[in-house]
Amino acid sequence: MSDSKSVPTANVAPSIRGAKPAAAHNPTTDPEVVGASGSERLSRDARNVLIFVFLAWVVDAADSTIYSLTIPQIREEFGLSLATMGVIASVFLGGTVLGAALLPIIAEKKGRRIGMVVCVSLFSLFTGLVGIAQHAWVLTIGRFLTGCGTGAEWPIGAAYLSEMVPAKRRGAAMGFMQAGYPIGFFIAAGIYAMFSWLGWGWRACYLVLLLPAVMCLPIVMWLKESPAWLARRAAGVATTERPATQAVKFRDLFLPRYRRLTVISIGLHVFGAIFSYGLVVWVPSAIAIDFHFPKLQTAQFVMLSWGVGTFGYLLSGPLADRIGRKPTLTIYTAIGVAAVAYLNYLHQQPVVSFSQLIVPGALIGTSLGVSGIYIAYTSEIFPARLRTHGLGFSVAVGKVTALFVPAVLGWVAQYSSITTALLLSTSIGVLMLPVIFLGPETARKQLEDIVS
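Its first residue numbered 391, the sequence shown is counted upward by one per residue in my numbering.
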């Protein structure tokens with residue numbers, strides 16, 4: 391295998407356009423092909439991909455928040471307990487496991503672009519199904535299939551973006567991508583508040599999220615495919631760096647060379663999911679049930695929390711590029727634990743005003759930036775041939791482990807309080823820190839240098 395730096399730039403363009411490259415050229419390690427060149431400027435194609443994955447994250451977050459906000463109304467209409475609502479949230483996570491394990495295969499066979507469009511279409515369509523559900527089991531199926539789309543979005547979107555942007559911009563790009571979450575939370579809270587004011591009910595909140603599926607067809611014509619994927623395809627090699635008839639097997643992730651990285655990636659997604667999903671699913675309900683605020687004030691809290699949190703997400707990427715992924719993850723995790731601990735303190739007080747919830751709310755929104763940090767990290771540590779498989783497998787295993795988190799937290803909430811359940815989940819999430827410190831630092835490094 392030749393050194394990628396010795397390959398003339400002129401050989402790169404033909405390989406991307408479809409012409410067979412020179413024998414010495416290895417498109418899977420060329421930094422220009424994988425989007426990790428020394429240039430710090432984003433290309434037009436990279437910017438388009440960044441905008442698309444950002445918008446996909448917005449819709450994903452809006453879906454999660456709409457469910458959290460409508461738990462009281464759904465619970466009342468169908469006569470369900472808090473524990474049952476937690477089980478439905480766990481069924482949703484079951485769908486994310488299946489999607490994360492299977493849909494990245496589409497991204498390997500048909501391309502990152504097609505994979506992302508399938509994800510967005512899937513979770514948008516079945517979010518609409520929830521909006522017309524007349525029985526609890528239809529609601530549960532809709533949440534499961536919605537989860538299939540959202541589960542695959544992480545591995546495919548993160549791999550797509552990491553292959554398109556320069557090394558020195560990867561952290562910032564991932565931070566911008568993850569900023570779609572608080573913006574999605576904010577938009578969902580706005581939709582919920584507006585539809586509540588109009589008296590349209592909880593179903594309209596789900597039906598409006600059908601729009602992204604309609605928009606996917608023109609978007610797929612606008613995006614360009616990952617040059618890394620195209621180059622390997624054009625070279626007559628499968629995207630796994632093997633003959634097209636031989637697919638990458640999941641056991642390849644546990645070969646001696648990659649085993650440690652796979653375990654680190656799985657650990658980050660396990661503890662990261664426990665940390666994040668508890669907050670996303672149960673914080674709005676904590677404000678409504680534990681602190682007894684009405685629907686409009688609950689929506690205002692979510693809008694404030696996720697709106698302020700957007701700046702935390704946007705800061706996480708550049709900060710991780712500057713001081714490293716590991717210190718940044720430490721800072722954001724500590725912010726989340728401190729905020730939830732203070733929320734528990736407030737819950738013990740006889741009277742709590744809305745203004746007292748502003749600081750912990752903003753800090754909770756900010757702390758969810760941990761997901762952008764560990765997703766960026768785990769998208770960087772795998773080689774190109776294993777990137778979507780490794781990331782997809784890690785997401786799937788993490789969500790299998792976290793599958794019962796919403797249900798367990800629902801039981802804890804049933805017999806204590808939602809704020810107590812949140813303190814439990816964020817405390818377990820602290821275990822992300824010893825895990826990431828077992829791996830290499832990836833900030834400002836070329837993808838091929840990290841792997842080597």
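Each residue gets a CB set at the ideal place from its N, CA and C atoms; glycine is no exception.
Contact between residue 565 and residue 717 does not hold, since their C-beta atoms are separated by about 15 Å, which reaches or exceeds 8 Å. Residue 759 is positioned such that its CB atom lies closer than 8 Å to that of residue 702. A straight-line Cα-Cα distance of about 10 Å links residue 790 and residue 784. For residue 494, the enclosing alpha helix (DSSP H) starts and ends at 494-499. At least 8 Å separates the beta-carbon of residue 673 from that of residue 577. In the displayed model, residue 832 falls within coil according to three-state DSSP, outside both helix and strand. Separation of residue 512 and residue 613 (C-alpha to C-alpha, rounded to the nearest whole angstrom) is 19 Å.
With contacts defined by Cβ atoms closer than 8 Å, residue 809 and residue 747 do not form a contacting pair. If you compare the alpha carbons of 658, 669 and 744 with that of residue 457, the shortest gap goes to 669. Residue 443 is a Cβ neighbour of residue 551, given a cutoff of 8 Å.
For residue 815, the enclosing alpha helix (DSSP H) begins and ends at 808-819.
A distance below 8 Å separates the beta carbons of residue 770 and residue 560.
Taking 8 Å as the cut-off, the beta carbon of residue 505 is found no closer than this to the beta carbon of residue 538. Straight-line spacing of the CA atoms in residue 738 and residue 646 works out to 51 Å.
Pairing residue 461 with residue 675 gives a Cβ-Cβ distance under 8 Å.
In this structure, DSSP gives residue 667 a helical state, which the three-state scheme calls helix. Contact between residue 710 and residue 833 is confirmed by a C-beta separation of about 6 Å, below the 8 Å threshold. The shortest C-alpha to C-alpha distance from residue 681 to any of 742, 510, 484 and 728 is the one to 742.
In terms of Cβ geometry, residue 667 and residue 766 do not form a close pair [threshold 8 Å]. With a cut-off of 8 Å on Cβ pairs, the stretch 794-801 is not in contact with the stretch 490-499, counting fewer than three such pairs. Nearest Cα to residue 820 within the set 663, 477 and 499: 663.
Annotation for residue 548: the continuous alpha helix (DSSP H) segment containing it runs 526-552.
Residue 745 sits exposed, since fewer than 16 C-beta atoms from the chains shown fall within 10 Å of its C-beta. Of the residues 749, 598 and 829, the one whose Cα lies closest to the Cα of residue 452 is 598.
Here residue 828 is not near residue 764, since their CB atoms are 8 Å or more apart. Across the structure, residue 826 and residue 762 are spaced so that their CA atoms are roughly 14 Å apart. Annotation for residue 696: the continuous alpha helix (DSSP H) segment containing it runs 685-713.
Residue 648 carries a coil assignment under DSSP once its states are collapsed to helix, strand and coil. Each residue's CA atom was taken as its position, placing residue 778 and residue 546 some 6 Å apart. About 14 Å separates the beta carbon of residue 752 from that of residue 579, a gap too long to meet the 8 Å contact definition. Residue 659 sits in a helix when the DSSP states are folded into three classes.
Per DSSP, residue 465 is one residue of the alpha helix (DSSP H) stretching across 434-468. With 16 or more neighbouring CB atoms inside 10 Å of its own CB, residue 788 falls in the buried class.
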